[in-house]
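Below is one structure, written out as structure tokens; the observations come after it.
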Ligand SMILES: [Zn+2]
Ligand SMILES: [Zn+2]
Ligand SMILES: [Zn+2]
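In the numbering used here, the protein residues as written are 2 to 241.
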């Protein structure tokens, strides 16, 4: 049986092809051996993990962007003095804040992947769609139950790249003052890359377990039980 490697092109930290001496002309090679894909999937564990974290963040990011756009609205015309005629020029009133447009775009990215799943999933005929009334609140939960299908197909790398990329860009562009349930730093070196880059991820979806992850992008480890024991980290008890 051949091992499939991650379609996104991930490599294993510190592991190299036999003809790699650890550098190229320009810089150090941190690892060039492709990272294996998860069983039956075309993405590695780190991509699976990042994609699910990004999906979980979508509703929060969208409502934050809507909030940012609302705060930036000019005062309503009712508060203008009588001398100033409230503008009824439609081109004026339909100027939307960039954050609002970015939220729309993120929703349409989610929407387009829902369409792909609903068009191509082998079980599509028996599949109920997401409840669009509560979009995107339930849409991302819906995708979370079905996206594994995407991760088994040619779409895997595209899907992962789009979802993770969009969420990261928007979070960077519109930083939230205090996002709910942030990852907690774990003050122990990562057993794989030895950097002080471990974080304790809170539970994002019901049924998930808490995870200790490495935020060093080259490593991107998700610690297994043995490794968690090894670092002697006692997880604080999580509120349900
Ligand atoms: Zn290398
Ligand atoms: Zn990967
Ligand atoms: Zn690490």
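No residue lacks a Cβ here, since even glycine has one placed at the ideal position from N, Cα and C.
All of these numbers come straight from a predicted model, not from anything done at the bench.
Proximity winner among the options, relative to residue i (alpha-carbon distances)
i           : options              : result
residue 194 : 232, 9 and 126       : 232
residue 39  : 22, 32, 154 and 23   : 154
residue 48  : 15, 211 and 10       : 10
residue 69  : 178, 211, 225 and 41 : 178
residue 60  : 225, 34, 117 and 112 : 112
residue 152 : 211, 50 and 24       : 50
Alpha carbon of residue i to alpha carbon of residue j, nearest angstrom
i           : j           : result
residue 164 : residue 56  : 7 Å
residue 102 : residue 176 : 16 Å
residue 46  : residue 223 : 8 Å
residue 159 : residue 142 : 19 Å
residue 1   : residue 5   : No answer is possible for residue 1: it lies beyond the span of the chain, which begins at 2 and ends at 241.
residue 109 : residue 145 : 16 Å
residue 29  : residue 22  : 9 Å
residue 31  : residue 115 : 36 Å
residue 96  : residue 52  : 33 Å
residue 81  : residue 202 : Because residue 81 sits at a pLDDT of 46, beneath the cut-off of 50, its placement in the model cannot be relied upon, and the point is left open.
residue 107 : residue 15  : 35 Å
residue 105 : residue 54  : 20 Å
residue 71  : residue 227 : 48 Å
residue 84  : residue 100 : Low per-residue confidence applies at residue 84: pLDDT is 45, beneath 50, and the placement is therefore not dependable, though the value from the model is reported in the following sentence. Approximately 32 Å between the Cα atoms of the pair.
residue 13  : residue 166 : 21 Å
residue 17  : residue 67  : 45 Å
residue 34  : residue 196 : 20 Å
residue 20  : residue 27  : 17 Å
residue 225 : residue 117 : 33 Å
Residues near residue i in its chain [Cβ-Cβ closer than 7 Å; skip 5 each side]
i           : result
residue 73  : 98
residue 200 : 184, 185, 186, 187, 214 and 216
residue 91  : Model confidence at residue 91 stands at a pLDDT of 47, short of 50, so the residue's coordinates are unreliable; what they give is reported in the following sentence. Contacts found: none.
residue 191 : 198, 199, 215, 217, 220 and 222
residue 122 : 128, 147 and 150
residue 234 : 187, 189 and 213
residue 41  : 153
residue 24  : 30
DSSP beta-bridge partners of residue i
i           : result
residue 185 : 201
residue 29  : 24
residue 213 : 201
residue 12  : 35
residue 223 : 214
residue 6   : 37
6 Å Cβ shell around residue i - same chain, five flanking residues per side excluded
i           : result
residue 8   : 43, 157 and 158
residue 65  : 177
residue 174 : none
Residue i and residue j closer than 8 Å at C-beta
i           : j          : result
residue 168 : residue 58 : yes
residue 172 : residue 62 : yes
Residues near residue i by beta carbon distance below 8 Å, same chain, minus five either side
i           : result
residue 89  : Residue placement at residue 89 is flagged as unreliable, the pLDDT there being 49, under the threshold of 50; the coordinate-derived value follows with that caveat. For residue 89, where only same-chain residues beyond five positions count, there are no Cβ hits under 8 Å.
residue 119 : 125, 128 and 130
Interface flag, residue i vs chain C, CB-CB below 8 Å
i           : result
residue 211 : Of the protein chains in this structure there is only one, and it is not chain C.
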